[in-house]
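Let me begin by presenting the structure, written as structure tokens, before commenting on it.
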Amino acid sequence: MTDVTDGVLHTLFHSDQGGHEQVVLCQDRATGLKAVIAIHSTALGPALGGTRFYPYASEEAAVADALNLSRGMSYKNAMAGLDHGGGKAVIIGDPERIKSEELLLAYGRFVASLGGRYVTACDVGTYVADMDVVARECRWTTGRSPENGGAGDSSVLTAYGVFQGMRASAQHEWGDPTLRGRKVGVAGVGKVGHYLVEHLLEDGAEVVVTDVREESVRRITDKYPQVRVARDTDDLIRTEGLDIYAPCALGGALNDETVPVLTARIVCGAANNQLAHPGVEKDLADRRILYAPDYVVNAGGVIQVADELHGFDFDRCKAKASKIFDTTLAIFARAKDDGIPPAAAADRIAEQRMAEARRR
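Numbered per our numbering, the sequence shown spans residues 8 to 367.
And the structure:
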């Protein structure tokens, strides 16, 4: 545990990835709960971000994920125009094995103990029904079911926002915001990806998909037999004639191995933390591949759960998510003006908003 603690302290106090306001380690031995709640910033308002339930290889990996994800939420919420800072929580363990009502209630009590500094929601491994349970102990919970005063599945607007970012990317690259006739590869057709496929097909795109879960692929092909299936992600990114690549599974999809062989001209997807390391955005730019920053285009879900705190209105949320189109175009314009990759341009805009909030 000494190495883990030293690693956390170094990241918090000395690393460029640090600067977090607060990190809380939570344990409830009666239920087996081990969780990390990371609050990166409350400059714009209470930290908002989901709870990831995942069987991490180590406690150190779990803490690192919480730190990275919470920092990303600060930037995502800033770019989405929300009055929220960034936070994220992870629960360590296989949700298929250890998730229980008692564990979720214990987790809810830990979140409640922060007095509203952190607002939680769904993420990988947690669902609307889980948030309904957490909310019984914590009023700072979003992503609940409509029956319990919530907005329901945030994947709907997440996919819609990614689609708007994709339209903006097409506008920037080809001068036309339609995906009609474009070949789009979607890696991961689970919670968000399958909604994205629907938008793409409605807009006239040719779609190729892959997923590690056969049942997820089958759900798509049963409903849309015209959709092609790639053997795996490696096969997908090498697809001849691919116009757009949409990573919609876990992070790190863009790395030193995948970028050199990527055939697409645009990358725009729902996955968080797509860039495996800071140099990848330059590698993409060097290959003239347009990258739509992940935390900008996948902000539809957080727009939805933030609205839930004020009495959810779907049409109001959809209108806000539609603005992802304009935000994405503004980032591309800033990148061109400053001579930097789009990911760096998005960071500058987000950091400017947070800095201005701190001065007020």
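The beta-carbon is built from N, C-alpha and C at its ideal position, and this holds for glycine as well.
Check: For E108 and F339, the rounded distance between their alpha carbons; Outcome: 45 Å
Check: Nearest-angstrom beta carbon gap, I46 and R124 [assumed within contact, 8 Å]; Outcome: 6 Å
Check: Local Cβ density within 10 Å of G172, reported as buried at 16 or more and exposed below that; Outcome: buried
Check: With 16 other Cβ atoms within 10 Å as the buried cut-off, status of D72; Outcome: buried
Check: Endpoints, the beta strand (DSSP E) within which C33 is located; Outcome: Q29 to D35
Check: From D130, A177 and D90, residue whose alpha carbon lies closest to that of I98; Outcome: D130
Check: Beta-carbon proximity check, Y324 vs V304, cutoff 8 Å; Outcome: First, the amino acid is wrong: residue 324 is Cys here, not Tyr. No, they are not a contact pair.
Check: Terminal residues of the alpha helix (DSSP H) in which F170 lies; Outcome: S162 to W181
Check: Whole-Å CB distance - R272 paired with L297, under 8 Å assumed; Outcome: 7 Å
Check: Alpha carbon of E213 to alpha carbon of A177, nearest angstrom; Outcome: 14 Å
Check: Endpoints, the beta strand (DSSP E) within which L40 is located; Outcome: L40 to S48
Check: Ranges of the beta strand (DSSP E) found wholly within the region 200-274, counting only runs of at least 3; Outcome: 213-217 and 251-254
Check: Beta-ladder partner(s) of R59, from DSSP; Outcome: V97
Check: Assumed close pair S48, G92 - CB separation to whole angstroms, cut-off 8 Å; Outcome: 4 Å
Check: Start-to-end residues for the alpha helix (DSSP H) that takes in K106; Outcome: Taken as a continuous stretch (DSSP letters only), K106 belongs to no alpha helix (DSSP H), as it is neither H nor E.
Check: Residues that DSSP places opposite G92 in a beta bridge; Outcome: A54
Check: Whole-Å CB distance - G88 paired with L55, under 8 Å assumed; Outcome: G88 to L55, Cβ: 13 Å. No contact.
Check: Assigned exposure category for A113 - 16 Cβ within 10 Å defines buried; Outcome: buried
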